[in-house]
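Structure, as structure tokens:
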Amino acid sequence: MVFCKVHDFFLNLLKQTKLRMSVIKRGSHIWLIVFVALIILQCEGRERFYRPDLPEQLCAIGLIDIDDTLSYNICNNPFWPGGACSTCWVDSLVSTKKIFFEKSYQTEYSDGSDLFREFKFKISDEGKDLFVYNTDQPVINPFIEIPADLKFESGQKYFVHAGERDVQDISAECTVPDMPPEPCLVSLRTGINTLDLPREGCYFYGDGTLPYEPEKYTTYTQRFAEIEFSFSNINPDSYYVFFLIGSPPEYTPLDIEYPPEYFPWDDGPGHFASNILNYQILETNTDGFIYPFKGGQTIQHFCLEYFSHSYGVGCMTDTLYSYFIDGSKIPGGTCTMKILAQWDNVKYIPSFVKYFRVRIMSLPKEAYLFYKSLYTYKMERDDPFGELININGNVVGGNGIIALCRSRDLIVNINQTGKMYDPFF
Numbered sequence: 045m046v047f048c049k050v051h052d053f054f055l056n057l058l059k060q061t062k063l064r065m066s067v068i069k070r071g072s073h074i075w076l077i078v079f080v081a082l083i084i085l086q087c088e089g090r091e092r093f094y095r096p097d098l099p100e101q102l103c104a105i106g107l108i109d110i111d112d113t114l115s116y117n118i119c120n121n122p123f124w125p126g127g128a129c130s131t132c133w134v135d136s137l138v139s140t141k142k143i144f145f146e147k148s149y150q151t152e153y154s155d156g157s158d159l160f161r162e163f164k165f166k167i168s169d170e171g172k173d174l175f176v177y178n179t180d181q182p183v184i185n186p187f188i189e190i191p192a193d194l195k196f197e198s199g200q201k202y203f204v205h206a207g208e209r210d211v212q213d214i215s216a217e218c219t220v221p222d223m224p225p226e227p228c229l230v231s232l233r234t235g236i237n238t239l240d241l242p243r244e245g246c247y248f249y250g251d252g253t254l255p256y257e258p259e260k261y262t263t264y265t266q267r268f269a270e271i272e273f274s275f276s277n278i279n280p281d282s283y284y285v286f287f288l289i290g291s292p293p294e295y296t297p298l299d300i301e302y303p304p305e306y307f308p309w310d311d312g313p314g315h316f317a318s319n320i321l322n323y324q325i326l327e328t329n330t331d332g333f334i335y336p337f338k339g340g341q342t343i344q345h346f347c348l349e350y351f352s353h354s355y356g357v358g359c360m361t362d363t364l365y366s367y368f369i370d371g372s373k374i375p376g377g378t379c380t381m382k383i384l385a386q387w388d389n390v391k392y393i394p395s396f397v398k399y400f401r402v403r404i405m406s407l408p409k410e411a412y413l414f415y416k417s418l419y420t421y422k423m424e425r426d427d428p429f430g431e432l433i434n435i436n437g438n439v440v441g442g443n444g445i446i447a448l449c450r451s452r453d454l455i456v457n458i459n460q461t462g463k464m465y466d467p468f469f
């Protein structure tokens with residue numbers, strides 16, 4: 045730890061001040077006080093003070109959608125022969141079945157004390173272990189993906205246990221909520237906007253031919269969809285979060301081998317799998333809050349990686365935002381919401397959307413309150429008169445939230461025409 049020697053500096057400055065006190069004007073005293081105060085503040089501003097008296101803990105965050113069966117390997121292109129495109133084999137971090145683990149401090153020590161050693165994890169019901177994972181290899185920030193074939197039931201209790209060699213084990217009790225209500229489509233409006241092509245940053249644009257010459261283009265087209273939906277809620281003790289998932293057409297290897305005129309890049313990068321997308325709330329009758337979905341990410345834009353002999357597309361992760369509501373706040377028992385989705389062949393993937401899934405996921409109360417406390421803290425952390433915020437989940441022996449959730453999808457067909465290199469997209 046580095047300490048600023050403000051004390052010695054202050055004494056020397058004070059001695060010099062006494063020698064010149066007879067010629068210093070009254071206004072200079074004020075300047076001197078301000079000067080010393082600035083020195084002290086600047087010194088403190090450069091410091092990071094740790095609390096070695098606080099015990100380190102494990103932190104875990106994961107909202108597991110037990111009904112999700114989709115694959116989100118956005119950038120994993122199975123049709124590139126022999127791995128010719130290294131960037132096309134990126135395994136997406138997008139998932140709704142992962143639990144992410146951290147320690148209470150992150151990469152602050154050079155001795156590697158933030159590593160997990162002898163990490164262990166298990167989930168069980170009241171009678172037996174359902175899934176067990178152990179590793180002797182040291183890892184940083186491990187995550188566990190719950191197997192898709194693991195079955196859970198609403199109303200049942202399940203128990204999660206995790207730990208590592210050097211810190212206290214953590215545990216969490218999870219009760220599966222009921223299925224969310226059935227959503228229905230109220231209205232759908234789609235359209236196309238023409239936008240100026242960005243000249244800075246990372247983006248992809250071309251007409252499907254080599255060499256890659258983005259300087260030939262000045263504009264690009266972006267599609268949008270305004271989706272209005274509603275659902276009835278008869279359970280006041282309910283909590284929901286909303287997701288938007290873009291799904292492309294489903295292709296097989298035969299589809300790109302026959303007919304011969306089909307060009308496999310024609311639907312754009314990342315068109316082989318669904319992707320969770322960010323959206324905007326245009327209208328709603330139910331108050332809620334938007335907050336980053338902790339532990340989850342979306343691959344919502346991609347970047348061209350150009351080489352002398354070929355080029356590939358590198359996927360980049362983005363923060364995933366979601367809208368949370370309390371079911372007891374739904375007026376009249378019917379929630380209505382209009383959201384805006386945007387996608388294009390320059391920044392977003394999948395660039396070709398056959399249909400959207402508007403997903404309603406039901407949360408346990410403790411999961412909703414955990415996210416609500418994070419949101420409240422973010423809004424009031426700079427307010428000296430703000431309320432005291434306790435960020436607590438259901439993790440015993442550490443901190444965080446682990447929850448098993450249920451979901452239901454509304455399928456909204458877009459029936460997009462025009463492929464990636466179609467000027468009308």
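Note that our numbering numbers the sequence shown so that position 135 is 179, with each residue one more than the last.
We put the beta carbon where it would ideally sit given N, CA and C, even for glycine.
Which residues does DSSP pair with residue i in a beta bridge?
i, result
"K142", "E189"
"L232", "I271"
"G444", "A104"
"Y264", "L239"
"I325", "I383"
"I214", "A206"
"T378", "S276"
"N457", "Y399"
"D109", "C449"
"V439", "A216"
"Y365", "P336"
"T342", "D362"
"D388", "Q266"
Mapping DSSP to helix, strand and coil, what is residue i?
i, result
"A317", "coil"
"P336", "strand"
"C103", "strand"
"Y94", "Note that Y94 has pLDDT 39, beneath the 50 cutoff, so the model's placement of it is unreliable and the number below is only indicative. Reduced to three states, the DSSP call for Y94 is coil."
"S372", "helix"
"S451", "strand"
"D331", "coil"
"E226", "coil"
What residue does the beta strand (DSSP E) around residue i start on, and which one ends it?
i, result
"K416", "Unbroken run through K416 is the alpha helix (DSSP H), K409 to E424; no beta strand (DSSP E)."
"L288", "Y283 to S291"
"V402", "Y399 to S406"
With residue i and residue j assumed to form a contact (beta carbons below 8 Å), what rounded beta-carbon distance in angstroms separates them?
i, j, result
"G290", "W387", "6 Å"
"G437", "D213", "Their Cβ separation, rounded to whole angstroms, is 16 Å, which puts G437 and D213 out of contact at 8 Å."
"E162", "D180", "6 Å"
"Y177", "I188", "6 Å"
"T342", "D370", "25 Å between Cβ atoms; not a contact."
"N160", "P186", "Rather than Asn, the amino acid found at residue 160 in this sequence is Phe. Between P186 and F160 the Cβ distance is about 5 Å, and since that is below 8 Å, they are a contact."
"S274", "P227", "7 Å"
"F224", "S451", "Here the sequence assigns Pro to residue 224, which means Phe is not the residue at that position. Confirmed, Cβ separation roughly 7 Å."
"I105", "C449", "Not really, about 13 Å apart at Cβ, beyond 8 Å."
"Y365", "N322", "5 Å"
"K141", "A192", "7 Å"
"A206", "A385", "A206 to A385, Cβ: 36 Å. No contact."
Subject >> Runs of beta strand (DSSP E) wholly within the region 145–208 (minimum 3 residues, chain order) >> reply: 164–168, 173–178, 187–189 and 201–207
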